[in-house]
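I have placed the structure first, in the form of structure tokens, so that the comments after it can refer back to it.
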Amino acid sequence: MKKWISILGGLLLVQLVLAVAVNLMGEDYGAFEPQEKLLAFDKKEVDGLRIEDDENSLVLQKRDGKWLLPESGDFPADQETVERLLEKLATLEKGWPVATTGGAAKRFKVDDEAFERRLALLTKEETQAVLYVGTSPGFRKVHVRPEGEDAVYAVAFNTWEAGAKADDWIDKDILKLDGDQVTRVEMSDFTLQRSDDQWQLIGLKEQEETNGEEASALVDKLTGLRIQSLLGTEAKPSFQQEEPELEVKMALKSGDTLTYRFFKPEDEAHYVLKRSDLDHYFKVAPFAVEPIQSAEREKLVQTKAQEAPMSEASGEDISAEAGIETTE
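For the sequence shown, position 153 (counting from the first letter as 1) is numbered 153 according to full-length UniProt numbering, and the numbering increases by one without interruption.
Here it is in structure tokens:
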């Protein structure tokens, strides 16, 4: 009898332990809502974004409906890239936490002092929400922790989507122009003038005409230039500014004239570009500059096609016109 009492007592003890464990787990996870938004903020009200990593930090600021980089002379940011990040942050959901202990933040690199990224969403310089981005558990996933919480989550996000350098956010199409607005292109070897929506080379000889396809391709390269990065607003000796590799002037329908000056820093593959209407110097890739640099008059002209004699063109018998008798 005593044996059975001991067995039943042991079973009761196991049940009590299990009940306590389940109760504790319920306290830990019962408050979590798997579909709850990761961050509580009003996307429409956000007018600032601060991004930090272990070495860099930057601020994006929205003014008059446009995102700018105030620490880079108010250079325009890529509007779509900023809005895409905000939209993603606004739609992220918590899911079930991968950890809830205080020490987990350090392990997953989402600690207040040790993180891959720290993102602060601002409204009138007041913080709406802060998110710490840490290690990656797998492809296109990262561990994150909202500020003020111990819970760590795994969400669909890429660390590179929140770069902490200005060049990660600049509008790299800042130089792009509508080709239809260009009326004249001047280079050292030639000048192109738009006439009746056709490009004409100035100074054509009697048997020459403009190669319209080559002329249009050159203008497209000029108006479609993209920058790689910002090089500041101050000229540096390394730019070799005294000896530009190339200079191009473009006149626009607005009456403005833009001057492009390309420099080649010593021992560098890239080019430096300064455009007359912008304060910054830009880094530009060789593959974008060299096709423009190689443009020359000979490529822009072609020999006029010879016109056929009138009689041949009309199909008449030239021998009859000349009064020559023919015999069968």
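Backbone N, C-alpha and C define an ideal beta-carbon position, used for all residues, glycine too.
In the three-state DSSP reduction, V289 falls in the helix class (H, G or I).
By the Cβ criterion, the stretch 143-161 is not in contact with the stretch 170-182, since fewer than three pairs of Cβ atoms, one from each stretch, lie closer than 8 angstroms.
Between the stretch 125-138 and the stretch 224-244, the count of Cβ pairs shorter than 8 angstroms is below three; the stretches do not touch. Under the 10 Å beta carbon count, F108 is surrounded by 16 or more other beta carbons and is classified as buried. V144 places its beta carbon less than 8 angstroms from that of V110. Rounded to the nearest angstrom, the gap between the Cα atoms of Q181 and D196 is 13 angstroms. Secondary structure of K274 (DSSP, three-state): strand. Within the stretch 35-102, the complete beta strand (DSSP E) segments of 3 residues or longer fall at 48-52, 57-63 and 66-69, listed in chain order.
Residue pairing from DSSP places A154 in a beta bridge opposite H143. Counting only residues of its own chain and dropping the five nearest sequence neighbours on each side, A251 has a CB closer than 6 angstroms to the CB of T183, R184 and T257. Under the three-state reduction of DSSP output, E213 falls in the helix class. As summarised for the stretch 168-212, the continuous beta strand (DSSP E) elements at least 3 residues long and confined to that stretch are 182-187, 190-195, 198-201 and 208-210, given in chain order. Distance from K37 to E93 at the Cβ level is roughly 6 angstroms; contact confirmed, criterion being Cβ atoms closer than 8 angstroms.
The beta carbons of L201 and L86 sit about 49 angstroms from each other, so the pair does not count as a contact at 8 angstroms. Counting along the chain, A129 sits inside the beta strand (DSSP E) bounded by residues E126 to V133. Setting aside the 5 residues that flank it on each side, T259 is surrounded in the same chain by K249 and S276, each with a C-beta closer than 6 angstroms to its C-beta; the list follows chain order. DSSP, read as helix, strand or coil, puts L121 in strand. L246: member of the beta strand (DSSP E) spanning L246 to L252, first to last residue. Residue range T257 to F263 is occupied by the beta strand (DSSP E) that includes L258. Here T223 is not near G255, since their CB atoms are 8 angstroms or more apart. K283: member of the beta strand (DSSP E) spanning Y281 to V284, first to last residue.
As the crow flies, the alpha-carbon of R50 is around 50 angstroms from that of R297.
Scanning its chain for C-beta atoms nearer than 8 angstroms, with the 5 sequence neighbours on each side dropped, one finds around T101 the residues D150, in chain order. In the DSSP assignment, the residues bridged to L230 are F282.
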